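Using the working numbering, read the sequence shown as starting at 466 and increasing by one per residue. Positions of the beta carbon are idealized from the N, C-alpha and C atoms, including for glycine. Source: prediction; values computed, not measured.
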Amino acid sequence: MPPATLSRTEQSYLLDGLRSKPAERADRRDLHEYRMMQVDTDLSLQADGSARVVLGSTEVHCGVKAEIESYDAPHVNVSTDLEFAPWLPPSPRVQVMVEYSPALLHEHNATELAMITDTVQDMLQACYALTGNSIGPLDARQFIVVPYARYWVLHLDVYVMSWSGGNVLDAVFAAAFCAMYQARIPGTKILALDKAAARQDDEVDQDDPAGIKFITRGRKPSSSAALDDAVDFALENEWDHGRLLAGREDVPVCISIYPFEDTYLLDPTLEEETALSSSIAVLASARGHIYGIRQRGSGELTLDAIHKAADVGASYAKQLAQTLQARFV
């Protein structure tokens with residue numbers, strides 16, 4: 466994360482405090498102790514899910530907005546004279562954007578800020594990649610409104626107001642978790658389908674919400690395969706009464722671990738981030754599933770240190786995610 470300005474004397478004093486037995490931190494915390502995380506939700510009436518996380522003096526806002534996107538699925542002929550089409554568009558169903566407050570330009574240069582936000586955005590976006598029938602932790606079938614025509618897309622927007630307290634990565638993922646956990650999308654009902662689809666399956670039910678049966682049966686490569694009837698849908702309920710995201714319990718949080726001699730440090734301040742040469746970010750869910758591990762910084766780490774960090778990160782991520790979930794019970 467963006468470095469604070471520390472003199473050699475300040476850095477040496479800080480590291481000596483961390484080496485002492487017991488360790489001494491400026492805020493009197495233990496090496497493995499988190500600061501109190503303040504979480505506020507339902508901040509925006511325009512968003513389908515929103516949250517603010519304050520960690521020390523680091524502040525992050527996050528909002529989720531669901532929109533319906535049209536997509537004309539391409540059809541591919543195969544040797545059996547049947548025609549198939551992809552059941553989801555190639556573009557991400559969860560689109561992440563991370564931005565920073567212009568006020569941060571007073572403390573950091575624009576190039577540095579852009580590099581940091583791009584890194585955080587890439588890490589968050591990677592957690593929602595399409596794999597089989599899943600979009601990260603989420604069931605991909607819930608994003609289908611009308612097979613081959615209309616789809617939900619979730620815009621996950623993160624706004625970093627301040628990271629002067631350090632540990633912005635953990636704060637970003639915590640805010641994203643809370644926003645996604647409470648996000649709702651309305652139930653929809655298909656009013657009309659193309660003739661070819663209607664002959665195969667005239668409604669999308671709970672047993673086959675993605676239209677998989679229609680895909681596997683195929684359809685003839687003729688003009689009837691095109692959308693020759695109007696395709697429309699209706700909302701079955703209001704946004705506030707929509708359904709929660711299937712798979713929200715497995716949305717990942719981040720635990721940043723800073724290996725230090727024979728131990729490690731959690732939830733660093735900005736000054737501690739600057740003094741320590743490397744860190745490991747562990748992205749994991751409440752069930753302990755690890756979505757990714759990323760090393761940051763210039764220091765060298767052994768494979769044993771990385772394995773230990775993965776175990777520690779998964780354990781703390783489980784505790785953090787379960788604590789955040791308890792807010793919504």
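_Which of the three DSSP states is assigned to S627 in this structure?_
Within the sequence shown, numbered from 1, the residue matching residue 627 stands at position 162. In this structure, DSSP gives S627 an extended state, which the three-state scheme calls strand.
Work out the CA separation of K783 and A751 for me, nearest whole Å.
-> The residue you call residue 751 lines up with position 286 of the sequence shown. The residue you call residue 783 lines up with position 318 of the sequence shown. Whole-angstrom Cα-Cα distance: 4 Å.
C-alpha distance - L595 paired with G762, whole-angstrom precision: Translated into positions along the sequence shown, residue 595 becomes position 130. Translated into positions along the sequence shown, residue 762 becomes position 297. Their backbone Cα atoms lie some 29 Å apart in a straight line.
In the DSSP output, what is R493 paired with across the bridge? Stepping through the sequence shown from its first residue, residue 493 is reached at position 28. DSSP output for R493 lists no bridge partner at all.
Problem set entry | Environment of Y781 [buried if 16+ CB atoms lie within 10 Å] | If you number the sequence shown from 1, residue 781 lands on position 316. A residue is called buried when at least 16 other Cβ atoms come within 10 angstroms of its Cβ; Y781 meets this threshold and is buried.
So if DSSP puts K654 in a beta bridge, which residue, or which two residues, is it bridged to?
Here residue 654 corresponds to residue number 189 of the sequence shown, with the count starting at 1. Looking at the DSSP assignment, K654 forms a beta bridge with A699.
What are the boundary residues of the alpha helix (DSSP H) that M588 is part of? As a first step, residue 588 must be located in the sequence shown, where it is residue number 123. Counting along the chain, the alpha helix (DSSP H) containing M588 begins and ends at 575 to 591.
Just to confirm my understanding: we take V563, look at its own chain, exclude 5 residues before and 5 after, and list those with CB closer than 6 Å. What are they?
Within the sequence shown, the letter at position 98 stands for residue 563. The beta carbon of V563 sits closer than 6 Å to those of T582, V585, Q586, V623, all from its chain and outside the five residues before and after it, given in chain order.
Pairwise C-alpha distance: Q790 and E489: Against the sequence shown, residue 489 aligns to sequence position 24. Against the sequence shown, residue 790 aligns to sequence position 325. Near 32 Å, if we compare the C-alpha coordinates of Q790 and E489.
Exposure label - R473; buried when at least 16 CB within 10 Å: Within the sequence shown, numbered from 1, the residue matching residue 473 stands at position 8. Classification of R473: exposed, given that the 10 Å Cβ count is below 16.
| said: In whole angstroms, give me the CA-to-CA distance for V519 and A640. | reply: Counting from one through the sequence shown, the residue named residue 519 turns up at place 54. Counting from one through the sequence shown, the residue named residue 640 turns up at place 175. Cα-Cα distance, rounded: 9 Å.
Go to H772, then tell me how far its alpha helix (DSSP H) extends in each direction, as first and last residue. Along the sequence shown, one-based indexing puts residue 772 at 307. From DSSP, the alpha helix (DSSP H) with H772 extends over 768 to 791.
| request: Under 6 Å Cβ to Cβ from D505, same chain only, skipping five residues before and after it: list those, please. | output: As a first step, residue 505 must be located in the sequence shown, where it is residue number 40. Here the set comprises R517.
For T470, which three-state DSSP category applies?
The sequence position of residue 470 within the sequence shown is 5, counting from 1. Three-state DSSP puts T470 in coil, outside helix and strand.
ask   = Exposed or buried, G442, counting other C-beta atoms within 10 Å across all chains shown (16 or more means buried)?
value = Residue 442 is absent from the model: the chain starts at 466 and stops at 794.
Item checked: D505: first and last residue of the uninterrupted alpha helix (DSSP H) it sits in -> Along the sequence shown, one-based indexing puts residue 505 at 40. Here D505 belongs to no alpha helix (DSSP H); instead the beta strand (DSSP E) covers 502 to 506.
Nearest-angstrom Cα distance between A498 and L731? Here residue 498 refers to the residue found at position 33 of the sequence shown. Here residue 731 refers to the residue found at position 266 of the sequence shown. The residue asked about is misnamed: residue 498 is Glu in this sequence, not Ala. Taking the straight line joining both Cα atoms gives about 6 Å.
Exercise. Can you tell which of F642, T653, L741 has its C-alpha closest to the C-alpha of T525?
Worked result: To locate residue 525, count along the sequence shown from 1; it is residue 60. Per the sequence shown, residue 525 should be read as Val rather than Thr. Out of F642, T653, L741, the CA that lies nearest to the CA of V525 is found in F642.
Neighbourhood of A591 by C-beta distance below 7 Å, restricted to the same chain and skipping five residues each side: Counting from one through the sequence shown, the residue named residue 591 turns up at place 126. Cβ neighbours of A591 beyond the five flanking positions: G757.
| said: For A779, count the other beta carbons within 10 Å of its own beta carbon; 16 or more makes it buried, fewer makes it exposed. Which is it? | reply: Stepping through the sequence shown from its first residue, residue 779 is reached at position 314. Its Cβ being crowded by 16 or more others within 10 Å, A779 is buried.
message = Within the continuous beta strand (DSSP E) that includes L634, where are the two ends?
response = One-based indexing of the sequence shown puts residue 634 at position 169. No beta strand (DSSP E) contains L634, which is instead part of the alpha helix (DSSP H) from 633 to 647.
(request) Using the DSSP secondary-structure output, state which residues sit across from F608 in a beta bridge. (result) Mapped onto the sequence shown, residue 608 falls at position 143. Within the DSSP bridge table, the entry for F608 names no partner.
Reduced DSSP category for Y478 - H, G, I as helix; E, B as strand; rest coil: Position 13 of the sequence shown, counted from the start, is the residue given in the question as residue 478. Helix at Y478.
E736: first and last residue of the uninterrupted alpha helix (DSSP H) it sits in: Walking along the sequence shown from the start, residue 736 turns up at place 271. E736 -> alpha helix (DSSP H) spans 735 to 740.
Where does D635 land, buried or exposed, given buried means 16+ other C-beta within 10 angstroms?
For the purposes of this step, residue 635 is taken as residue 170 along the sequence shown, with counting starting at 1. Its Cβ being crowded by 16 or more others within 10 Å, D635 is buried.
Margin query: Mapping the DSSP letters down to three states, classify L483 as helix, strand or coil.
Written below: Taking the first residue of the sequence shown as position 1, residue 483 is located at position 18. Three-state result, L483: helix.
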